[in-house]
Every structure is written in structure tokens, then in C-alpha cells.
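Since the structure comes first, as C-alpha cells, the remarks are kept for the end.
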DNA sequence: CTGAAAGCGCTTACAG
DNA sequence: CTGAAAGCGCTTACAG
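Chains as they are written, first to last, in the working numbering: chain A, 2 to 330; chain B, 2 to 330.
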């Protein structure tokens with residue numbers, strides 16, 4: 002493995018000069034520059050990145066923490082972030098927490114280790130109290146998730162409004178008995194969606210029945226289970242707002258299995274507008290999040306923070322959300 | 002940011018001793034060990050990873066090259082690899098080529114830069130000729146994709162057999178006019194699936210019509226387009242083997258739109274057994290790949306190669322593939 | 001335009 | 001059991 006010293010020896014120049022041509026400095030004699038470039042070619046020399054990082058105190062890498070990459074929402078978000086990073090010569094280090102708070106903290110250690118220049122939290126398993134100590138080691142921002150108490154930049158969508166939009170739509174379709182099936186309320190984002198549900202119900206003077214509120218619901222199988230519970234009710238809801246398209250797909254799948262018609266017997270609204278939303282039958286009415294824009298904005302903000310390195314004014318940015326109507330309502 | 006020197010000063014010991022306790026060396030006086038640990042706590046010290054990497058000539062990171070993370074096949078593969086890596090203290094650096102050969106080569110440069118200890122190619126846009134020079138800078142293996150000429154370890158599935166299984170199944174269902182819609186033949190994996198198709202057809206003495214062979218087909222919209230072409234044919238096929246579940250889903254979606262019944266008017270077989278295969282209606286008969294096992298095996302093999310660092314005997318490993326029967330056939 | 005020297009933060013023989 | 005010294009491969013003032 003060739004080093005800068007090898008190039009220096011081969012060309013009879015100093016490592017300093019070689020370094021200058023590597024980094025495209027001006028004030029290097031043209032003929033020497035060419036000589037160095039030729040030698041680098043011949044020895045297929047590439048600068049050692051650990052040495053550059055150690056010396057430069059910069060990694061050009063940002064860590065992105067998500068809960069799990071197999072969730073299409075995250076894979077699309079990461080895809081957009083990665084593109085934005087590459088455009089400016091940054092790398093993205095993918096870290097999944099698998100919903101484990103401890104693991105999330107371990108990933109934040111990357112900042113202390115100087116293995117990354119900054120961290121984007123797209124999933125949030127800890128509270129601001131746990132996160133805060135890390136912020137003094139480098140920029141930390143949130144994307145998608147947020148925390149009311151946190152004092153860091155956050156790029157997100159108005160989840161309460163999303164929940165409100167979904168439920169208002171169901172109410173407009175004439176429903177009064179509406180169920181909710183979402184994640185865990187400890188997470189702000191989930192909690193807010195439920196608040197949006199309550200807001201729409203209150204606005205229409207409709208009562209909220211405890212039995213219609215399902216929490217800790219995430220995937221397809223959860224959706225199936227929720228439907229089974231609904232099916233067993235004396236007076237079941239006629240509509241359900243699910244906190245994810247996969248949950249919605251599970252409800253629909255199971256409903257059809259039991260000969261319930263969608264949307265006639267049960268109407269369903271999902272969340273995210275994932276590809277599967279238009280593949281299942283009927284298509285899922287859903288709340289679309291501007292995933293791509295959100296990812297790009299978050300990565301750009303992060304890179305700006307790193308590049309300017311000044312104390313960035315703490316800011317929140319909220320992106321619009323809208324309803325996509327399909328056959329399930 | 003505390004360094005090893007800070008800890009040494011604070012405790013009145015040498016950096017050497019501090020390093021010893023960081024690395025859990027034996028032969029450190031117990032009381033001193035505790036003193037150092039306390040100081041590390043207080044200064045919230047974490048070793049600088051660039052320094053460790055530079056000094057140790059090891060990164061504990063492996064690069065995984067895929068074409069695009071939003072492809073569920075890859076997100077599941079990466080998920081499995083990531084878990085296997087974490088289990089042994091390795092990190093996974095995700096690199097997407099977006100099907101661009103040049104970008105793939107740039108990712109291979111990570112090996113020269115010593116930013117990773119090895120590379121797993123789960124997507125392959127270059128030929129062995131281009132890849133080969135990189136192999137002298139560290140272990141490079143293939144997972145999922147393969148190349149007949151390449152002399153590197155490869156963990157993969159027998160794609161020809163997969164294609165054969167799919168088409169034989171259609172033939173057993175009584176079909177004789179069978180179309181194929183897959184990727185680009187420049188890729189060995191794709192080419193082999195088509196060979197499997199030909200093999201099954203030949204075995205049943207069925208002719209292969211050129212008009213029934215569609216290549217360069219990848220996503221949902223490609224599937225829609227393929228169906229539209231089929232619909233316009235004088236004598237259309239009665240079945241189609243698609244090189245991916247998304248393509249299959251596109252065909253089915255468009256078929257239903259035009260009132261063709263699936264499988265009565267057109268039977269469809271997909272590939273990968275992705276979640277969506279059981280969500281669409283009818284469910285997609287598909288070829289299941291042991292994605293998880295493949296990912297874990299590849300990562301383990303890579304870590305073995307890195308850890309033993311000896312010249313690994315060049316090996317190929319082929320994993321089983323099987324048919325999952327659903328409503329689309 | 002060019003080079004010698006110092007140093008980024010660590011670890012590992014080596015000597016005690 | 002412990003420490004001084006060298007060195008991993010680079011870049012950046014500094015002096016010329």
C-alpha cells in the first residue's frame with residue numbers, strides 16, 4: 002500500500018509538495034505537479050482516510066439513526082439523504098436502533114469518537130434529557146421525529162395536523178364511530194397523531210370511545226389483530242385511522258377475509274403513502290409525507306451546520322402534509 | 002474533547018497505562034485501573050476512532066454495495082448483514098451504486114483509502130476485469146450477484162434453477178405460451194434466470210417466441226408497460242414469469258384494470274417473495290430467496306476473512322431457492 | 001514555489 | 001506492573 006512517502010521518494014520531492022498536489026493547492030510547479038500525479042497513478046496511490054481524518058479533525062460523514070431500514074418509510078428517507086450527502090461530498094453512516102434506546106445512545110457515541118461530524122435522528126427512542134449531553138460534541142438534529150422539549154433543530158411534519166386531516170376526512174364521509182390504531186404514545190410523533198384524531202372528533206362533537214383506541218400498533222400483523230378485535234365488538238367502528246399503511250393493509254386484508262367490504266363495512270385511512278398503498282385492493286387512502294424533501298432538507302441543514310461550524314440558530318422547520326384519497330374510504 | 006493525554010495528566014499516569022486500561026490489558030495495577038476508569042468517566046472520554054484506525058490499520062467496517070436501498074430485497078439483505086456485523090463488533094457502511102458502474106468503482110476505492118476492511122458486492126455493475134485490481138487491497142466478495150469468470154468468494158442462489166422452477170410450474174399448470182420479463186442480460190444473475198426459462202421450455206419441447214422476451218424490466222411501471230404490450234398482441238401469452246414481485250404486481254394491476262382475470266386470462270409468477278406478494282390480490286406466486294441467510298452468511302464470511310487475514314480459499318456457496326404458490330397461478 | 005518540523009491521538013515493542 | 005519513544009499517514013504553519 003503506497004503512502005505519501007513512497008510518492009515523495011519516487012519523485013524526489015518532499016511529502017509536503019505531494020500533499021499539495023493531492024489537495025490541489027495552487028503554487029506548485031506545473032511540471033512537478035504532473036510528475037506527482039503520474040507517480041500516484043503508477044503506484045495506484047489513494048490517501049489514507051484515517052490519517053486525513055485524524056489530521057483534519059473532520060470525517061465528512063454524518064450518522065443517520067433510524068429504527069429499522071426494512072421500513073419503507075426509512076429506506077426512502079435514507080435514500081434521499083444519501084443523495085443529498087453525495088452531492089456535497091459527504092458520506093452517510095446508517096445506524097439502526099431497532100427501537101432500542103440503548104442502541105440509539107451507542108450510535109450517538111460516534112460523535113464523541115469523532116467517527117462522524119454530526120448525527121441526524123430520524124427515530125427517537127430517548128428523551129431530550131438523554132440526548133442533550135451529546136450535543137456538545139457536534140451537531141445533532143432531528144428529522145421526522147421531534148420532541149417538544151428538545152432544543153435542537155428539527156425538520157418534521159405536523160403530525161397532529163396529519164391525524165386531523167385523516168379523521169376529518171372520515172367524518173366528512175359520514176362516519177361517527179371511528180377507531181384509531183397507532184404506535185406507542187411515549188413517542189411524541191405518535192402522540193400528536195392521536196391528538197389530531199381527538200381534535201377532529203371534538204370539532205364534530207363526536208365522542209371518543211376508549212375501546213376504539215389501539216396503541217403499540219406497527220406492522221401488518223398488528224393490523225390483522227386490530228381487525229380481529231374490532232370484529233368481536235358489539236358495536237364496532239365503521240372506520241379506522243391507522244398510523245401506517247402497513248397497518249391499514251393488515252386491516253383490509255383481514256376484513257376481506259371475513260367478508261367485510263371496504264369501505265362500505267369499514268373504511269380505512271393509512272399513513273405515509275407507501276408504494277403498497279396503491280397496490281392493495283382497494284387502494285389505501287392515506288396521508289402523504291414529503292419524505293424526499295424532508296430527507297434532503299435535513300441533510301442539507303446538517304452539512305451547513307458542519308461546514309459553517311458556527312453556533313447554528315436553533316430552528317424548527319415544519320413541512321406540509323396532505324391527504325391522498327383512494328378506494329379504502 | 003478529552004484525549005488520552007488528558008486522562009494521563011489527570012491521573013498522573015502515562016498514556017501507555019491509560020491505553021492499557023482502555024484496551025483491557027492484563028497486568029495493570031487494580032487501583033490504577035480504577036483511577037483511570039474514573040477519570041475517563043468524568044471527562045466523558047472516548048477514544049478517537051480515526052487515531053485507533055490509523056494506528057491499528059483496521060477499521061472494523063465493511064462496505065456493502067447495493068444498487069438502491071429502496072428496493073425491499075436490498076433493505077432486507079442489508080438488515081440481516083447489519084445484524085450479523087453488530088454481533089461481532091463490526092460496522093456496515095452502506096454504498097449504493099444506483100446501477101452506475103462508475104459509482105460502484107468509486108465505492109471500491111474505500112478499500113484503497115483504508116476506510117473499510119472489506120467489501121461485499123451485493124450488486125455488480127462491473128465485470129471481473131474491473132473488479133479484480135481492487136482485490137489486492139483487501140477482501141472482496143459477492144453476495145447475491147455473481148460472475149462466472151470472477152475468482153472471489155461468492156454467496157448466491159442458483160438463479161437459473163429459480164427461473165426453471167418458475168417456468169416449470171407454469172407449464173405444469175398447463176401453459177404453453179409463456180412470456181419472460183426480467184432485467185438486463187449483461188448481468189449474470191438476470192441472464193441465468195432467462196436460461197432457466199429456456200431450460201424449462203426446452204424440457205417441455207415448447208418454442209420460445211422472441212416477442213415474449215422482455216428485458217430491462219425492473220419496477221412496477223415496467224410491469225404495467227409489459228402488460229400493455231401483451232394486451233396488444235395478436236396471440237398473447239397466457240402466463241408470464243416476471244423477474245421481480247414489483248414487476249409482477251404491475252402486470253397484475255394493469256391486467257385487472259383491463260378486466261383480464263388473474264390467473265385465468267394471464268397467470269403471473271414473481272421473484273423474491275417480498276411482503277407485497279401476499280398483499281396484492283390475488284397473492285403472487287413467487288420464487289423465494291433466502292435473503293436473510295444469504296446476508297448473514299456473506300457478512301460472516303467477510304468477517305472471517307478479515308479476522309484471519311490469511312489468503313482465503315476461493316469458494317462459491319449456493320443457497321437453495323423455492324417456489325411459493327399463491328393465487329396468481 | 002518548496003521543504004523540515006511538528007503534531008493530530010493512539011498503541012506497541014522495548015527496556016526496566 | 002509501568003513508562004519513554006517511535007511511528008501509523010497525513011497536513012499545516014513557518015521559514016526560506
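Backbone N, C-alpha and C fix where the C-beta goes; we use that ideal spot for every residue, glycine too.
Predicted model, so just to flag it, every value in this text is computed and none were measured.
* To do: Could you have a look at residue 103/A and say whether DSSP puts it in helix, strand or coil?
  => In the three-state reduction of the DSSP assignment, residue 103/A falls in the helix class.
* Asked: Taking DSSP as the reference, what is the three-state secondary structure of residue 230/B?
  -> DSSP places residue 230/B in helix when its eight states are reduced to three.
* If you follow the beta strand (DSSP E) that residue 206/A is part of, which residue opens it and which one closes it? -> Neither: residue 206/A is in no beta strand (DSSP E) and is coded neither H nor E.
* **Nearest-angstrom Cα separation, counted from residue 91/A out to residue 16/A** => So the alpha carbons of these two residues sit roughly 26 Å apart.
* What is the DSSP secondary structure of residue 293/A, reduced to helix, strand or coil? -> Correct three-state label for residue 293/A: helix.
* To do: Starting from residue 38/B, trace the alpha helix (DSSP H) both ways and give me its first and last residue.
  => 31 to 43 is the extent of the alpha helix (DSSP H) around residue 38/B.
* Is residue 217/B buried or exposed, if buried means 16 or more other CB atoms sit within 10 Å of its CB? -> With fewer than 16 other Cβ atoms within 10 Å, it is exposed.
* Can you pull the chain A residues whose beta carbon is under 7 Å from the beta carbon of residue 265/B, in chain order? => Residues of chain A passing the Cβ test: none, with the nearest at roughly 17 Å.
* Continuous beta strand (DSSP E) assignments of at least 3 residues falling wholly in the stretch 139 to 202 of chain B -> The qualifying runs are 141 to 145, 155 to 158 and 179 to 182.
* Residues of the stretch 47 to 81 of chain A whose Cβ lies closer than 8 Å to any Cβ of chain B, in chain order -> Within the stretch 47 to 81 of chain A, the qualifying residues are 47, 48, 49, 50, 51, 52, 54, 55, 60, 69, 70, 71, 73, 76, 77, 79 and 80.
* **Residue burial classification, residue 258/A (beta-carbon count within 10 angstroms, cutoff 16)** => Answer is exposed; the Cβ neighbour count stays below 16.
* Does residue 97/B have its Cβ less than 8 Å from a Cβ in chain A? -> Answer yes: the Cβ-Cβ gap between residue 97/B and chain A drops below 8 Å somewhere.
* To do: Could you have a look at residue 88/A and say whether DSSP puts it in helix, strand or coil?
  => Correct three-state label for residue 88/A: helix.
* **residue 51/B classed as buried or exposed, judged by whether at least 16 other C-beta atoms fall within 10 angstroms** => Burial check for residue 51/B: the Cβ neighbour count within 10 Å reaches 16 or more, so the residue is buried.
* **Residue nearest to residue 273/B in terms of C-alpha spacing, selected from 168/B, 11/B, 22/B and 249/B** => Of 168/B, 11/B, 22/B and 249/B, the residue nearest in Cα terms is 249/B.
* Asked: Going by DSSP, which residues form a beta bridge with residue 323/A?
  -> Bridge partners of residue 323/A: 289/A.
* Asked: Looking only at its own chain, which residues have a Cβ that is under 8 Å from the Cβ of residue 281/B, when we skip the five neighbours before and after it?
  -> So the qualifying residues of the chain are 250, 253 and 254.
* Asked: Sorted by chain position, which residues of the same chain lie with C-beta nearer than 6 Å to residue 111/B's C-beta, five sequence neighbours on each side aside?
  -> If we look at residue 111/B and ignore the five residues flanking it on each side, its Cβ neighbours are 64 and 117.
* State the start and end residues of the unbroken beta strand (DSSP E) segment that holds residue 243/A. => Note, residue 243/A: beta strand (DSSP E), 240 to 243.
* To do: Look at residue 97/A and residue 70/B and say whether their C-beta atoms are less than 8 Å apart.
  => The answer is no: Cβ separation not under 8 Å.
* To do: With 7 Å as the limit, tell me which residues of the stretch 101 to 124 of chain B have their beta carbon closer than that to any beta carbon of chain A; keep them in chain order.
  => From the stretch 101 to 124 of chain B, only 110, 113, 114, 115 and 116 have a Cβ closer than 7 Å to chain A.
* Contact with chain B by residue 45/A, beta-carbon distance below 8 Å -> Taking Cβ atoms only, chain B reaches closer than 8 Å to residue 45/A, which makes this a yes.
* Compare the C-alpha of residue 287/B against each of 191/B, 156/B, 247/B and 199/B and name the closest. => When only C-alpha atoms are compared, the closest one is 247/B.
* **Sub-8 Å separation of residue 142/A and residue 299/A beta-carbons** => Yes, Cβ-Cβ distance for residue 142/A and residue 299/A is below 8 Å.
* Asked: Which residue or residues does DSSP assign as beta-bridge partners of residue 8/A?
  -> Beta-bridge annotation (DSSP): residue 8/A is not paired with any residue.
* Asked: For residue 235/A, which of helix, strand or coil comes out of DSSP?
  -> It is coil, neither helix nor strand.
* To do: Mind checking the stretch 279 to 303 of chain A against chain B and listing, in chain order, the residues whose C-beta falls within less than 9 Å of any C-beta there?
  => Cβ contacts with chain B come from 279, 280, 281 and 282.
* If the cut is a Cβ gap below 9 Å, which residues of chain A does residue 320/B touch? -> Near residue 320/B there are no residues of chain A at all, since even the closest Cβ is about 20 Å away, more than 9 Å.
* Asked: When DSSP labels each residue in this structure, what does residue 136/A get in the three-state scheme?
  -> Note: residue 136/A maps to helix in three-state DSSP.
* Sequence ranges, alpha helix (DSSP H) only - wholly within the stretch 240 to 272 of chain B, length at least 4 -> Within the stretch 240 to 272 of chain B, the complete alpha helix (DSSP H) runs of at least 4 residues are 246 to 258.
* Given 8 Å, three or more beta-carbon pairs between the stretch 144 to 151 of chain B and the stretch 177 to 185 of chain B -> Fewer than three beta-carbon pairs drawn from the stretch 144 to 151 of chain B and the stretch 177 to 185 of chain B are found closer than 8 Å, and the two stretches are therefore not classed as touching.
* Asked: Are there 16 or more other CB atoms within 10 angstroms of the CB of residue 284/A, so buried, or fewer, so exposed?
  -> Counting the other Cβ atoms within 10 Å of the Cβ of residue 284/A gives 16 or more, which makes it buried.
* the stretch 315 to 325 of chain A in contact with the stretch 17 to 30 of chain B per 3-pair CB rule at 8 Å -> Not touching, per the Cβ criterion.
* To do: Return yes when the Cβ of residue 330/B is within less than 8 Å of the Cβ of residue 256/B, no when it is not.
  => Residue 256/B is not a Cβ neighbour of residue 330/B, given a cutoff of 8 Å.
* Proximity of residue 219/A and residue 197/A at Cβ, strictly below 8 Å -> No, Cβ-Cβ distance for residue 219/A and residue 197/A is not below 8 Å.
* Would you list the residues sitting across from residue 55/A in a DSSP beta bridge? => Residue 55/A pairs with nothing; no bridge assigned.
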